[in-house]
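Structure first, then comments.
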Amino acid sequence: MRVAVIANPASGRGRSLAAADRICSALAARGIVPTRLPLDASSADLESACIGALAIVAVGGDGTVRSVSARVAGGSIPLAIVPAGTENLAAREFGFQCSPAALADRILARQERSVDLGVIRRAGLPDHAFLVMVSAGFDADVVAALAARRRGPVTYLTYLLPILALLRHWQAPGFVAETGEQSVHGVHGAAPADRIEAKGQLIIANARQYALRLNPSRVADPADGLLDAVVLPARGGWSMVRWAIRLALTRGAVLGAWSAQGLAWRIRFDRPTLIQADGDSVAGGPVVQMEVGLRPGALRMIDMRGA
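If you read the sequence shown in our numbering, its first letter stands for residue 166, the second for the next number, and so on.
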């Protein structure tokens with residue numbers, strides 16, 4: 166029995182390598198042979214390591230998990246996560262905040278599930294996979310500003326300067342988001358089934374988790390074959406501060422937020438707009454339109470429910 170372990174040494178200020186050591190030790194104690202691979206392992210090396218493997222373990226933050234998910238989607242070998250980043254949204258969503266021993270036991274028990282994988286499509290650019298959510302607005306601009314000035318590991322404090330700088334001058338993008346699926350619900354009640362037109366923060370969620378546990382999409386299910394769109398109407402940066410406070414203080418539905426579900430969303434912006442996915446800027450620069458879709462059930466995953 167064997168397991169492929171893919172670690173990103175840059176995650177968590179070096180914590181990922183120690184975390185990889187711990188899961189490898191737990192696997193070995195159960196008679197499972199771990200095969201260590203770097204995040205940039207060649208397709209041939211990854212394919213070789215996966216032959217007969219019980220699982221593929223991604224050790225790192227959400228960027229690492231997203232990258233590995235994109236590479237293994239459509240295959241039969243389940244993904245497991247050892248969180249070693251700042252937020253660890255995917256690990257939180259799928260229950261991987263557990264001990265190495267508990268994870269190794271689940272891998273050995275071969276308990277699996279299928280989850281959906283999101284995909285961003287833009288004209289002339291490669292598709293970009295995501296597992297948790299994609300967004301446009303204040304958060305995407307903060308992520309891009311942080312990436313431009315990043316000189317080392319990311320912590321919560323490193324976000325502070327970009328946030329403060331953007332608060333003074335940030336203006337929300339306008340957009341039209343369309344789907345032919347279900348009706349839009351929010352402060353204005355039901356809207357036409359296939360269209361949201363707004364100015365503010367847009368989140369297209371495959372799962373519930375979001376930075377600081379604010380979780381604008383409270384009911385997103387990563388296995389229902391649907392994407393949840395959430396709009397937080399806003400004009401400037403201070404509007405987003407008010408939204409953050411409201412989200413932090415509200416447990417259920419958030420008054421004033423618009424939400425809807427659909428199989429896919431087509432979005433047109435009123436100006437070139439940056440986007441982020443799972444906490445990282447999406448390569449390719451600002452976009453004026455994109456489609457966000459799903460590959461339903463494309464990703465096999467170790468099932469941590471009830472662990």
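Think of the CB as a built atom: it goes at the ideal place given N, C-alpha and C, for glycine as much as any other residue.
Could you have a look at D468 and say whether DSSP puts it in helix, strand or coil? coil
Can you look up P387 in the DSSP assignment and give me helix, strand or coil? coil
Would you kindly work out how many angstroms separate the C-alpha atoms of A399 and Q366, rounded to a whole number? 7 Å
According to DSSP, is T229 part of a helix, a strand, or is it coil? helix
Does the distance from the CB of L192 to the CB of A269 come in under 8 Å? yes
For A301 versus I440, is the C-beta distance shorter than 8 Å? yes
For A172 and A185, I'd like the C-alpha separation in whole angstroms. 7 Å
Which residue wins for smallest C-alpha separation from A267, given the options I432, D393, L329 and A194? A194
From L428, W408 and A337, pick the residue whose C-alpha is nearest to that of R436; which is it? A337
State yes or no: is the C-beta of P381 within less than 8 Å of the C-beta of V419? yes
Inspect the beta-carbon positions of W335 and A394 and report whether they are closer than 8 Å. no
Taking only the alpha-carbon atoms, compute the straight-line gap between A305 and S446 and give it to the nearest angstrom. 7 Å
Sub-8 Å separation of R460 and S279 beta-carbons: no
Considering only C-alpha positions, which residue in the set I272, D210 and L282 is nearest to V230? L282
Nearest-angstrom Cα distance between L290 and G196? 44 Å
Let me check understanding here. Comparing Cα to Cα, which of I432, L244 and G449 lies closest to F340? I432
Using only the alpha-carbon positions, how far apart do L379 and R373 sit? 9 Å
If you draw a straight line from the alpha carbon of G225 to that of R271, how long is it in whole angstroms? 19 Å
Would you mind stating whether V237 and I188 have Cβ atoms separated by less than 8 Å? no
Just to confirm, does Y321 get its C-beta within under 7 Å of one of the non-hydrogen atoms of the ligand ADP? Of the ligands one can find in the structure shown there are none, so the ligand ADP has no counterpart to examine.
In whole angstroms, what separates the C-alpha of R470 from that of P265? 16 Å
Quick check on the burial criterion: 16 or more other C-beta atoms within 10 angstroms. Buried or exposed for L326? exposed
Does the beta-carbon of Y321 have 16 or more other beta-carbons within 10 angstroms, so that it is buried, or is it exposed? exposed
Range of the contiguous beta strand (DSSP E) that encloses I272: First-last for I272: P265 to A274, but that is the alpha helix (DSSP H), not the beta strand (DSSP E).
Going straight from the alpha carbon of Q454 to that of P199, what length do you get? 43 Å
Alpha carbon to alpha carbon, how far is W423 from R287? Give it in angstroms, no decimals. 24 Å
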